[in-house]
Amino acid sequence: PNYRARFFALFRHPIERAASMFHYSQVASWEAREDLYHPERKDKTFEQWLKEYDQIGEFSNFYMKRLLNKFKFTDEDLETAKEIIRT
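Structure follows, in structure tokens:
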């Protein structure tokens with residue numbers, strides 16, 4: 006049989022995702038991983054944390070960087086990604 010593959014994807018708004026990560030890291034004392042719980046963030050604003058976190062390069066396009074082993078993306082990469090999602 007000739008079946009056409011189908012899939013669906015869920016996309017989370019990047020600001021909402023970042024805000025959730027920020028708030029979670031302030032309270033997640035039960036996490037075994039040391040890099041997830043940061044009670045000192047309670048003294049920072051979301052904006053301060055976002056600037057600091059993004060400077061170390063861990064927040065921007067984390068999965069894309071890891072999965073594609075590519076650390077800089079072009080406008081052409083963006084258009085290719087949009088076309089893949091669209092079709």
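Counting in this note's numbering, the sequence shown runs from 6 upward without gaps. We put the beta carbon where it would ideally sit given N, CA and C, even for glycine. Here the structure is a predicted model, which means the values were calculated and not measured.
On the three-state DSSP scale, how would you describe residue i?
i: Phe27; result: helix
i: Thr85; result: helix
i: Trp35; result: coil
i: Phe51; result: helix
i: Pro19; result: helix
Excluding sequence positions up to five away, which residues of its chain have a Cβ less than 8 Å from the Cβ of residue i?
i: Tyr29; result: Leu41
Beta-carbon of residue i versus every beta-carbon of chain B: anything under 7 Å?
i: Trp35; result: No chain B is part of this structure, which consists of one protein chain only.
Ignore the nearest five residues each way along the sequence and tell me which others in residue i's own chain have a CB closer than 7 Å to its CB.
i: Asp82; result: none
- At least three beta-carbon pairs within less than 8 Å, the segment 42-54 to the segment 14-34: Contact between the segment 42-54 and the segment 14-34 is present, because at least three Cβ pairs lie under 8 Å.
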